[in-house]
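*Asks:*
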Amino acid sequence: EIVICADIACKAARAMNRYHLASNSFTIYVIYLYCAMTTISNTSCIYFYEAAKNHLTQRIENLDGKMDQQVEISKLIRSEVNDAREDISQIGYDLDSLSQLVSGLNGKIMTLEEKQDLTNLGVWYLCNKADGNKKVGQGTAIHGSDGKVEASMKASTRSCWLNILHEVNVLSKKGIDLKKFMRFKVGNGENIMFWEDTWNEGRKFKCRFPRMYALESCKSISVGRKLAQSSLIDSFRRSPRGGAEQQQYNDLEDWLLLRF
Numbered sequence: 001e002i003v004i005c006a007d008i009a010c011k012a013a014r015a016m017n018r019y020h021l022a023s024n025s026f027t028i029y030v031i032y033l034y035c036a037m038t039t040i041s042n043t044s045c046i047y048f049y050e051a052a053k054n055h056l057t058q059r060i061e062n063l064d065g066k067m068d069q070q071v072e073i074s075k076l077i078r079s080e081v082n083d084a085r086e087d088i089s090q091i092g093y094d095l096d097s098l099s100q101l102v103s104g105l106n107g108k109i110m111t112l113e114e115k116q117d118l119t120n121l122g123v124w125y126l127c128n129k130a131d132g133n134k135k136v137g138q139g140t141a142i143h144g145s146d147g148k149v150e151a152s153m154k155a156s157t158r159s160c161w162l163n164i165l166h167e168v169n170v171l172s173k174k175g176i177d178l179k180k181f182m183r184f185k186v187g188n189g190e191n192i193m194f195w196e197d198t199w200n201e202g203r204k205f206k207c208r209f210p211r212m213y214a215l216e217s218c219k220s221i222s223v224g225r226k227l228a229q230s231s232l233i234d235s236f237r238r239s240p241r242g243g244a245e246q247q248q249y250n251d252l253e254d255w256l257l258l259r260f
């Protein structure tokens, strides 16, 4: 009977170890062994065994129920995490779509600006062409008898803008460069370079006043920034030292005073 009770106690201890109850399993083992050694009757031992078995069975069932609950909770958490991951990925997709939309709008704005420039050029050309037609001899010499600058036109469909570009190219081949008659509109002067762009009457300032351009420390300074200075020499490396330098400085200053 002692051997049987000890074997039962070992089995109970191993069963409880599977559910991480090692501290209680040793106590149960000692109780079973003590009961077997001090038992007065087989009936008392069997009663104690049944009570202990029922108690352990109930605890194991409770643990099984808690483990099932934890499994369900884990599934719910995993499902919520997956939903959150999908929402985050959808946000990233929306941001990419918004970025592409903004890029497309920028491209359309640039296209509209280019069309506006072409429109201005076309209006200028058509006005000059209409004015030139009043002078029969000059108009025939420039545009030809058919008004096509003696150039063959392909029988393909052209837009208004392509026709304007074609006319400009044909005129340039005839020795009439429309770009020479084009001037930038200064506006506030923030987008026009003082030395680099042809915004004044004649050549670029860096070619017209080369000694002043050599003294300039900021070669890419805009018209707005240059004219906002208290003096032209504010952005120069040094002041003009007389001679040709002083003469060019005086000419530049006089030119600006007459117009601004």
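Just so you know, we're using the UniProt record's numbering here: the sequence shown kicks off at 1 and counts up by one. Backbone N, C-alpha and C define an ideal beta-carbon position, used for all residues, glycine too.
Please state the DSSP three-state secondary structure of residue 284.
*Replies:* Any answer about residue 284 is impossible in this case: the structure gives the chain only from 1 up to 260.
*Asks:* C207: buried (16+ other C-beta within 10 angstroms of its C-beta) or exposed?
*Replies:* With fewer than 16 other Cβ atoms within 10 Å, it is exposed.
*Asks:* Just checking my contact of L232 with E253 at CB under 8 Å: how many whole Å lie between their CB atoms?
*Replies:* Confirmed, about 6 Å.
*Asks:* Can you give the beta carbon distance from S222 to I192, rounded, assuming they're within the 8 Å contact cut?
*Replies:* Their Cβ separation, rounded to whole angstroms, is 6 Å, which keeps S222 and I192 in contact under 8 Å.
*Asks:* I'd like to know whether the C-beta atoms of residue 301 and R203 end up nearer to each other than 8 Å.
*Replies:* Past the edges of the chain, shown from 1 to 260, lies residue 301, and the structure says nothing about it.
*Asks:* What number of angstroms, rounded off, separates the C-alpha of L258 from the C-alpha of N200?
*Replies:* Rounded to the nearest angstrom, the two C-alpha atoms are 12 Å apart.
*Asks:* Have a look at A151 and V170 and give me their C-alpha separation to the nearest angstrom.
*Replies:* Bear in mind that a pLDDT of 49 at A151, under 50, signals an unreliable position, so the model cannot answer this.
*Asks:* Could you please give the first and the last residue of the uninterrupted alpha helix (DSSP H) stretch that includes G189?
*Replies:* From DSSP, G189 is part of no alpha helix (DSSP H); its letter is neither H nor E.
*Asks:* By the DSSP assignment, the alpha helix (DSSP H) with K226 in it spans what residues?
*Replies:* Its alpha helix (DSSP H) spans residues 223-228.
*Asks:* Could you give the first and the last residue of the continuous alpha helix (DSSP H) run that contains W255?
*Replies:* 243-259 is the span of the alpha helix (DSSP H), which, as asked, contains W255.
*Asks:* Thinking C-alpha only, which one of D177, Y213, L178 is nearest F194?
*Replies:* The option with the nearest alpha carbon to F194 is Y213.
*Asks:* Report the three-state DSSP secondary structure of E216 (helix, strand or coil).
*Replies:* Reduced to three states, the DSSP call for E216 is strand.
*Asks:* Step through the CB atoms of chain B and report whether any lies within less than 8 Å of the CB of L256.
*Replies:* Although the question refers to chain B, the structure presented lacks it and comprises just one protein chain.
*Asks:* Distance, Cα to Cα, E61 vs N54?
*Replies:* In a straight line, the C-alpha of E61 is about 11 Å away from that of N54.
*Asks:* Tell me the rounded alpha-carbon separation between L256 and K173.
*Replies:* Looking at the two C-alpha atoms, the distance is approximately 36 Å.
*Asks:* Measure from the alpha carbon of P240 to the alpha carbon of each residue in G224, E216, R225, then state which is nearest.
*Replies:* The shortest C-alpha separation from P240 is found at E216.
*Asks:* Should E167 go down as buried or exposed, given a rule of 16 or more other Cβ atoms within 10 Å for buried?
*Replies:* Counting Cβ neighbours within 10 Å, E167 comes out buried, since at least 16 surround it.
*Asks:* How many Å lie between residue 264 and L98 at the Cα?
*Replies:* There is no way to answer for residue 264, as the model of the chain reaches only from 1 to 260.
*Asks:* What residue from S230, E196, F209, R238 has the CA that sits closest to K219's CA?
*Replies:* Taking only the C-alpha atoms, the option nearest K219 is E196.
*Asks:* With distances taken between CB atoms, is the gap from G224 to E190 smaller than 8 Å?
*Replies:* Their beta carbons are under 8 Å apart, which means G224 touches E190 by this criterion.
*Asks:* Which one of Q69, G175, N250 has the shortest CA to CA distance from F209?
*Replies:* When only C-alpha atoms are compared, the closest one is N250.
*Asks:* Please classify G243 as buried or exposed, where buried requires at least 16 other C-beta atoms within 10 Å of its C-beta.
*Replies:* Under this definition G243 is an exposed residue.
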